[in-house]
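Going by UniProt numbering, the first residue of the sequence shown is number 1, and it counts up by one from there.
In what follows, a structure is listed as structure tokens, so that the remarks can point back to it.
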Amino acid sequence: MKLLIIEDEPEMLENMRQTLERQHYIVETATDYSAALHKIGVYDYDCILLDITLPDGNGLELLKTLKASGKDEGVIIVSAKDSLDDKLAGLNLGADDYLPKPFHMSELHARVKAVLRRRHFDGNPHISIGNVSIFPETREVMVENQPLVLNRKEYDILMYLITNKKRLVTKTALAEHVWGDHIDQADSFDFIYSQIKNLRKKLEHATITIEAVYGVGYKLEVIS
């Protein structure tokens, strides 16, 4: 899962980033309105943690832009502005939650998990597709009730394909989502091919398969 933290306080930003990276999220950051506007325009995220007060703009304007573009990222407003007006404005604009500062990092993690569960998994604690069951909170994967051992990237690829099941996922979108926006610096997609090849082998007894669309990307299919 890929998150974006928009926060201008360096210490707070670093604490949030470290906390969420320990939970195996891909975490990207922006410290001002301009950088955040660029990132939400170019990349896709599962959840955005949005501060309202930024050095060069208002976080609520970013939220308006995000929703006007038709993107469906989960949004949690994280702000020291603990007023009813700000909370209602954010929720009315389409935010999923509002977390006033100061807060415990454990609460931040719980709020992120709740938003991701509601948005991607209809609130269920686990996902079932074919004979595969996935438990996102523990990152466990089972095939016919037998544990499947995946490395971090294999798991992230599988989750991204499952949350986009029946859709064609381009190689670029997959790389950006699993490896972050530094993927722009990569010379080729060989690292994706390698991870997909290994993942396919591990899923040999599963009733799902990863289909390659030559020159474009991948699609998850359920084997009937």
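Ideal Cβ placement from N, Cα and C applies to all residues, glycine included.
Computed from a predicted model, the values in this text were never measured in an experiment.
Length of the line joining the Cα atoms of residue i and residue j
i, j, result
"residue 86", "residue 59", "11 Å"
"residue 30", "residue 48", "11 Å"
"residue 211", "residue 221", "7 Å"
"residue 17", "residue 46", "15 Å"
"residue 53", "residue 176", "28 Å"
"residue 63", "residue 27", "19 Å"
"residue 195", "residue 124", "28 Å"
"residue 171", "residue 36", "24 Å"
"residue 50", "residue 136", "23 Å"
"residue 1", "residue 84", "30 Å"
"residue 66", "residue 193", "32 Å"
"residue 117", "residue 39", "23 Å"
"residue 145", "residue 134", "10 Å"
"residue 5", "residue 158", "24 Å"
"residue 204", "residue 149", "13 Å"
"residue 107", "residue 115", "12 Å"
"residue 178", "residue 88", "33 Å"
"residue 141", "residue 103", "32 Å"
"residue 25", "residue 126", "17 Å"
"residue 180", "residue 219", "20 Å"
Range of the contiguous alpha helix (DSSP H) that encloses residue i
i, result
"residue 35", "33 to 42"
"residue 90", "84 to 92"
"residue 207", "Segment: none, residue 207 is in no alpha helix (DSSP H) and carries neither H nor E."
"residue 155", "152 to 163"
Short CB-CB distance (under 8 Å) between residue i and chain D
i, result
"residue 219", "The chain labelled as chain D is not found in the depicted structure, where only one protein chain is given."
Given residue i as reference, the closest of the options once Cα atoms are compared
i, options, result
"residue 138", "130, 147 and 206", "147"
"residue 92", "112, 20, 75 and 135", "75"
"residue 208", "95, 136, 214 and 161", "161"
"residue 96", "79, 73 and 102", "73"
"residue 119", "140, 71, 141 and 191", "71"
Residues of its chain near residue i, where Cβ-Cβ distance is below 7 Å and the 5 sequence neighbours each way are ignored
i, result
"residue 206", "130, 131, 132 and 143"
"residue 32", "8, 54, 55 and 56"
"residue 41", "none"
"residue 90", "60, 63, 77 and 98"
Own chain partners of residue i with C-beta closer than 8 Å, once the 5 adjacent residues on each side are dropped
i, result
"residue 109", "19, 20 and 23"
"residue 173", "44 and 217"
"residue 101", "12, 78, 79, 80 and 82"
"residue 214", "none"
"residue 34", "56 and 57"
"residue 3", "20, 25, 26, 27, 28, 45, 46, 47, 48, 49 and 112"
Own chain partners of residue i with C-beta closer than 6 Å, once the 5 adjacent residues on each side are dropped
i, result
"residue 105", "19"
"residue 79", "51 and 52"
"residue 113", "none"
"residue 94", "67"
Limits of the beta strand (DSSP E) - the one that residue i falls within
i, result
"residue 142", "140 to 143"
Subject >> At least three beta-carbon pairs within less than 8 Å, the region 198 to 215 to the region 150 to 168 >> reply: The region 198 to 215, when compared against the region 150 to 168, does touch it at the 8 Å Cβ threshold.
Original post:
Counting pairs of beta carbons, one from the region 3 to 15 and one from the region 165 to 172, are three or more of them closer than 8 Å?
Top reply: With the cut-off at 8 Å, the region 3 to 15 and the region 165 to 172 do not touch.
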